[in-house]
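A short worksheet on the structure shown next.
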């Protein structure tokens, strides 16, 4: 069974540029999460979906960040006008709400904003 | 002990030794999750302990949970070089919304 896949694996931007991250969760997982992990810190939840619905986006900087999951499968996280403080690894995870508590993480996208 | 505003902690031991990592949490949780993260990869769940359990074992791993002091520990017996990783504890009120600690960088020296 394929795990969670993410692309790109790396991105380097100048401040003010936009970037999109893409996530393909494990087949059959109805819940999808986006986390931000700054260097040498634990992951911090940004937003999560159950099917196509946003359940919690309270930690998403809404003025520059957006996330969608239009068909309840793949998801895209977009940063408009990136800032140096956005430098971090962006992790996608998925889980099945009717199963165990385990979240399965992808390898992440390492973003550097210069 | 991880949590709070501290940065990632580092711990270095010799192969074959035992090690314990501690975690204290501030909010109500029904489950404590322990994840390990290898360099360049996402976190992976290694053991999970529920609020009605005091101890959980899986191979060389042992997790404990004390809900009265809001603390958990992860012990590794006879550490091996392949145990080198960053270890995180995380809490949740249910299946969603994990809150991760700062993590412990564990280095096993051959």
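Residue numbers (this note's numbering), protein chains in the order written: chain A, 47 to 160; chain B, 29 to 138. By construction, the Cβ of each residue, glycine as well, lies at the ideal position given by its N, Cα and C atoms. Keep in mind that this is a model prediction, so the values were computed, not measured.
Spatial neighbours of residue i in its chain, beta-carbon cut-off 6 Å, leaving aside the 5 residues before and after
i	result
residue 123 (chain A)	67, 80 and 113
residue 120 (chain A)	70
residue 32 (chain B)	Low local confidence applies: a pLDDT of 44 at residue 32 (chain B) is under 50, so the model's placement there is unreliable, with the coordinate-based value given in what follows. Correct list: empty, nothing qualifies.
residue 118 (chain A)	97 and 98
residue 47 (chain B)	41, 104 and 107
Distance CB(residue i)-CB(residue j) smaller than 8 Å
i	j	result
residue 118 (chain B)	residue 61 (chain B)	yes
residue 132 (chain B)	residue 37 (chain B)	yes
residue 49 (chain B)	residue 101 (chain B)	yes
residue 65 (chain A)	residue 139 (chain A)	no
residue 115 (chain A)	residue 142 (chain A)	no
residue 54 (chain A)	residue 135 (chain A)	no
residue 45 (chain B)	residue 138 (chain B)	no
residue 93 (chain B)	residue 115 (chain B)	no
residue 92 (chain A)	residue 106 (chain A)	yes
residue 57 (chain B)	residue 79 (chain B)	yes
residue 59 (chain B)	residue 120 (chain B)	yes
The beta strand (DSSP E) enclosing residue i, as first and last residue numbers
i	result
residue 50 (chain A)	Premise fails: residue 50 (chain A) is in no beta strand (DSSP E) and is neither H nor E.
residue 84 (chain B)	83-86
residue 77 (chain A)	77-83
residue 118 (chain B)	113-120
residue 106 (chain B)	Residue 106 (chain B) -> no beta strand (DSSP E), and no H or E assigned at all.
residue 42 (chain B)	37-42
residue 136 (chain B)	132-137
Per DSSP, cross-strand counterpart(s) of residue i
i	result
residue 119 (chain A)	Answer by DSSP bridge pairing: none, since residue 119 (chain A) is not bridged.
residue 151 (chain A)	A:139
residue 101 (chain B)	B:50 and B:92
residue 124 (chain A)	A:66 and A:112
residue 102 (chain A)	A:94
Rounded distance between the beta-carbons of residue j and residue i, thought under 8 Å
i	j	result
residue 91 (chain B)	residue 75 (chain B)	5 Å
residue 73 (chain B)	residue 148 (chain A)	5 Å
residue 97 (chain A)	residue 76 (chain A)	5 Å
residue 87 (chain A)	residue 130 (chain B)	6 Å
Same chain, Cβ closer than 7 Å to residue i, five either side skipped, listed in chain order
i	result
residue 88 (chain B)	104, 105 and 106
residue 137 (chain A)	81, 83, 89, 151, 152 and 154
residue 84 (chain B)	75, 77 and 91
residue 159 (chain A)	59, 61, 128, 129, 130, 132 and 133
residue 136 (chain B)	41, 43, 107, 108, 109, 111 and 112
residue 82 (chain B)	92 and 93
Residue i CB to nearest heavy atom of the ligand COA below 7 Å
i	result
residue 52 (chain A)	Ligands displayed in this structure: none; no statement on the ligand COA is therefore possible.
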